[in-house]
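Line by line, the protein sequences give chains A and B. With the numbering used here, the residue at position 142 of the first sequence is 142, and numbering never jumps. With the numbering used here, the residue at position 48 of the second sequence is 1048, and numbering never jumps.
Number of protein chains: 2
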Amino acid sequence: MSTARDTYHHGDLRTALIDAALEMLEAGEAFSLRAVARRAEVSQTAPYRHFADREALESALAVRGFRDLRHDLAPSGDLPATEDELIEFAVTYVRFALRRPALFRLMFGQECDDSNDERVVAAGALQGLVADALTQIYPDADHQTLAQGVWALAHGLAFLHLDGKFSAATDDEVAERVRAAFFGIRALGAATT
Amino acid sequence: MSTARDTYHHGDLRTALIDAALEMLEAGEAFSLRAVARRAEVSQTAPYRHFADREALESALAVRGFRDLRHDLAPSGDLPATEDELIEFAVTYVRFALRRPALFRLMFGQECDDSNDERVVAAGALQGLVADALTQIYPDADHQTLAQGVWALAHGLAFLHLDGKFSAATDDEVAERVRAAFFGIRALGAATT
DNA sequence: GTCTTGATGTTTACGTTGCTCACATGAGTG
DNA sequence: CACTCATGTGAGCAACGTAAACATCAAGAC
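Here you go:
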């Protein structure tokens, strides 16, 4: 495939830049606007026609990340219907973080510009997904609160795994740890009731 | 207080640099090695006598952060003894993140160099603290797993609050949300038993 | 068809950054 | 006193984010 271009204008530089940045990110390279431009074979200032600044590009990447994560979590739009499936939901969440660490960090590990509508919407969609799932599973519970708790637990597990605070392990071991954390906290309730 | 210096040598530049960097961080300014040096009123290359590179300074800041957090959590070394106190533990954790967001992000939001012993030790001490607390409260449970779960929940709540995923609110509202998340997940267990 | 215009890409340039290397200083040790 | 080594300085390099002025070209107006 030739990414070279024979016309003065690129055609779809915006997505080309996002793709390039994403590739670099996933390859573990530190990504810079200039490097992204180089990879897309345009001048170093061309990106500024499509992104106000570095942060705008990062937001675009984050939006992609939120969509990808959402797709991972609910491939065909169907939500978890049982508690077990909910836990697998969380496992998928953590796996996403470990499979695409740089992207995950970019999505969450930075101060985000709340002014970016697309980004806020994409992030909100995620939370909505969890809330919807919980509505299905626990129709009586306070979904909002529960959704936050479940999301937070998954999120924390993801980050702590990412940071290597838990001894990094195989995919299966990670999944097991997520399940154990869930059941552990749940068991607290069972024990004290 | 005069930060100026009348001798060629500084005296304790290392801590002066850490202090300067921390001040800038907490003030919300983007911090650079050069700016830190400027603030400490030394040449821009002086920091390299004390820190191999930028990451080394950041690790030193992180270590400070871990210690401060630990001090917040267990001021006089005493651990939470009841479940309620454990939850206040988590509240304190989240509050720390919100009170010192830049530092918290630096501690967790970046790829860390595991080679930095001091940093690894300081982070490990935190996990140990949680594990010890749980040993006291739930002598029969699997502390390791539970500690991970509790820490992850607190950590996730902290980060999601930081990222504004939950509508930012007053200190008290934050505390209430943390409690609610805890009880919510715990109630899951009570309900299904 | 030609003209104009606005979106998109290029060139050049400025200030900042992380970092290296050669050199200066001076406190502590023999 | 002289030495030395940890610590501070200065100049300099390559890369970065970003701005301003200019080039190209597709699309609509005449």
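From the three backbone atoms N, C-alpha and C, an ideal C-beta is built for every residue, glycine too.
* To do: Could you pull out every residue in the same chain whose Cβ sits closer than 7 Å to the Cβ of serine 1046/B, ignoring the five residues on either side in sequence?
  => If you number the second sequence from 1, residue 1046/B lands on position 46. Checking the displayed sequence, the identity of residue 1046/B turns out to be alanine instead of serine. Taken in chain order, the residues that qualify are Leu1013, Ala1037.
* Starting from aspartate 1142/B, find everything on chain A with Cβ-Cβ shorter than 8 Å and list it in chain order. => Working through the second sequence from its first residue, we reach residue 1142/B at position 142. The answer, in chain order, is Ala180, Gly184.
* **Spatial neighbours of alanine 1020/B in its chain, beta-carbon cut-off 7 Å, leaving aside the 5 residues before and after** => Numbered from its first residue, the second sequence carries residue 1020/B at position 20. So the qualifying residues of the chain are Val1036, Arg1039, Ala1040.
* **Residue nearest to leucine 1134/B in terms of C-alpha spacing, selected from Glu1176/B, Glu1083/B, Tyr1048/B** => Sequence index remark: in the second sequence, residue 1134/B carries index 134 (1-based). Ranking Glu1176/B, Glu1083/B, Tyr1048/B by Cα distance to leucine 1134/B puts Glu1083/B first.
* Asked: Does the beta-carbon of serine 1059/B have 16 or more other beta-carbons within 10 angstroms, so that it is buried, or is it exposed?
  -> On the second sequence, position 59 is the one that residue 1059/B refers to. Per the 10 Å Cβ criterion, buried.
* Range of the contiguous alpha helix (DSSP H) that encloses leucine 79/A -> Translated into positions along the first sequence, residue 79/A becomes position 79. Per DSSP, leucine 79/A lies in no alpha helix (DSSP H) and is assigned neither H nor E.
* Asked: Using a Cβ-Cβ cut-off of 6 Å (strictly less than) and excluding sequence neighbours within five positions of leucine 33/A, which residues of its own chain qualify?
  -> On the first sequence, residue 33/A is found 33 positions in, with the first residue counted as 1. Cβ within range, chain order: Pro47, Arg54.
* To do: Check the Cβ-Cβ distances between leucine 1196/B and every residue of chain A, and say whether any is below 8 Å.
  => For residue 1196/B there is no data in the structure shown, the boundaries of chain B being 1001 and 1193.
* Thinking alanine 1147/B and alanine 1131/B are a contact (beta carbons under 8 Å), I'd like their distance in whole angstroms, please. => Counted from its first residue, the second sequence places residue 1147/B at position 147. Counted from its first residue, the second sequence places residue 1131/B at position 131. So it is a contact: roughly 4 Å between Cβ atoms.
* **Where the alpha helix (DSSP H) through alanine 125/A begins and ends** => Along the first sequence, read from residue 1 onward, the residue named residue 125/A stands at position 125. Run containing alanine 125/A: 117-137, per the alpha helix (DSSP H) assignment.
* Asked: Just how far apart, CA to CA, sit phenylalanine 183/A and alanine 1181/B?
  -> Reading the first sequence from its first residue, position 183 is the one you call residue 183/A. Reading the second sequence from its first residue, position 181 is the one you call residue 1181/B. Between phenylalanine 183/A and alanine 1181/B, the C-alpha separation is close to 15 Å.
* To do: Quick one: using the 10 Å Cβ neighbour count with 16 as the cut-off for buried, is valine 1094/B buried or exposed?
  => Counted from its first residue, the second sequence places residue 1094/B at position 94. Flag for valine 1094/B reads buried.
* Straight-line Cα distance separating isoleucine 137/A from proline 80/A -> Within the first sequence, the letter at position 80 stands for residue 80/A. Within the first sequence, the letter at position 137 stands for residue 137/A. Distance between the alpha carbons of proline 80/A and isoleucine 137/A is about 8 Å.
* To do: Tell me whether glycine 1109/B is buried or exposed, calling it buried when 16 or more other Cβ atoms sit within 10 Å of its Cβ.
  => Position 109 of the second sequence, counted from the start, is the residue given in the question as residue 1109/B. Buried.
* Residue interval of the alpha helix (DSSP H) (run including serine 59/A) -> Looking up residue 59/A in the first sequence gives position 59. Note, serine 59/A: alpha helix (DSSP H), 54-73.
* Asked: What is the DSSP secondary structure of glutamate 1088/B, counted as helix, strand or coil?
  -> As a working note, residue 1088/B is residue 88 in the second sequence. Here glutamate 1088/B sits in helix by DSSP.
* Asked: Are arginine 1064/B and leucine 1022/B closer than 8 Å when you measure CB to CB?
  -> The residue labelled residue 1064/B in the question sits at position 64 within the second sequence. The residue labelled residue 1022/B in the question sits at position 22 within the second sequence. Contact flag set, yes.
* phenylalanine 31/A, enclosing alpha helix (DSSP H) - first and last residue -> Translated into positions along the first sequence, residue 31/A becomes position 31. That residue, phenylalanine 31/A, is in no alpha helix (DSSP H); it is neither H nor E in DSSP.
* CA-CA distance, leucine 1069/B and glutamine 1144/B? -> On the second sequence, position 69 is the one that residue 1069/B refers to. On the second sequence, position 144 is the one that residue 1144/B refers to. Between leucine 1069/B and glutamine 1144/B, the C-alpha separation is close to 20 Å.
* Can you tell me where the alpha helix (DSSP H) with phenylalanine 104/A in it begins and where it stops? -> One-based indexing of the first sequence puts residue 104/A at position 104. Segment 101-108, the alpha helix (DSSP H) holding phenylalanine 104/A.
* Asked: From Ala52/A, Thr92/A, Leu86/A, pick the residue whose C-alpha is nearest to that of histidine 71/A; which is it?
  -> The residue labelled residue 71/A in the question sits at position 71 within the first sequence. The option with the nearest alpha carbon to histidine 71/A is Thr92/A.
* **Any chain B beta carbon closer than 8 Å to arginine 49/A** => Within the first sequence, residue 49/A is the residue found at index 49, counting from 1. Answer no: the Cβ-Cβ gap between arginine 49/A and chain B never drops below 8 Å.
* Given that phenylalanine 1104/B touches chain A, what residues does it touch there, using C-beta distances under 8 Å? -> In the second sequence, counting from the first residue as 1, residue 1104/B sits at position 104. Ordered by position in chain A, no residue passes the 8 Å Cβ test against phenylalanine 1104/B, which lies about 11 Å from the chain.
* **For alanine 1175/B, the nearest candidate out of Gly1128/B, Leu1188/B, Leu1086/B, Leu1126/B (CA to CA)** => In the second sequence, the residue the question calls residue 1175/B occupies position 175. Checking every option, the nearest Cα to that of alanine 1175/B belongs to Leu1086/B.
* To do: Indicate whether at least one CB of chain B lies closer than 8 Å to the CB of arginine 177/A.
  => Position 177 of the first sequence, counted from the first residue, corresponds to residue 177/A. Yes, contact with chain B.
* To do: Report, in whole angstroms, the separation of the C-beta atoms of leucine 1073/B and leucine 1129/B, which I expect to be a contact under 8 Å.
  => On the second sequence, residue 1073/B is found 73 positions in, with the first residue counted as 1. On the second sequence, residue 1129/B is found 129 positions in, with the first residue counted as 1. Right, their Cβ atoms sit about 6 Å apart.
* Should leucine 1157/B and alanine 152/A be called a contact, given that it needs their Cβ atoms to be closer than 8 Å? -> Here residue 1157/B refers to the residue found at position 157 of the second sequence. Here residue 152/A refers to the residue found at position 152 of the first sequence. In this structure, alanine 152/A lies closer than 8 Å to leucine 1157/B by Cβ.
* For threonine 1145/B, which residues in chain A fall below 8 Å Cβ to Cβ? -> Reading the second sequence from its first residue, position 145 is the one you call residue 1145/B. Near threonine 1145/B (Cβ distances below 8 Å), the residues of chain A are Arg177, Ala180, Ala181, Gly184.
* To do: Use the C-beta contact count for arginine 1099/B: other C-beta atoms within 10 angstroms, 16 or more gives buried, fewer gives exposed.
  => Counted from its first residue, the second sequence places residue 1099/B at position 99. Exposed.
* To do: Measure the C-alpha to C-alpha separation of phenylalanine 976/B and threonine 15/A and round it to an integer number of angstroms.
  => Chain B is shown only over 1001 to 1193; residue 976/B falls outside these bounds and no answer can be derived.
* Does alanine 1090/B come within less than 8 Å of chain A when only Cβ atoms are used? -> Position 90 of the second sequence, counted from the first residue, corresponds to residue 1090/B. Taking Cβ atoms only, chain A never reaches closer than 8 Å to alanine 1090/B, which makes this a no.
* Hey, how far is the Cα of alanine 1052/B from the Cα of methionine 107/A? -> Counting from 1 along the second sequence, the entry for residue 1052/B is found at position 52. Counting from 1 along the first sequence, the entry for residue 107/A is found at position 107. Taking C-alpha positions only, alanine 1052/B is separated from methionine 107/A by approximately 29 Å.
* Cut-off 7 Å between Cβ atoms - residues of its own chain near phenylalanine 1031/B, not counting five sequence neighbours on either side -> By 1-based counting over the second sequence, the position of residue 1031/B is 31. Contacts found: Ala1021, Met1024, Leu1025.
* To do: Report yes or no: is there a C-beta of chain A within less than 8 Å of the C-beta of phenylalanine 1031/B?
  => As a working note, residue 1031/B is residue 31 in the second sequence. Chain A, which has no Cβ nearer than 8 Å to the Cβ of phenylalanine 1031/B, makes this no.
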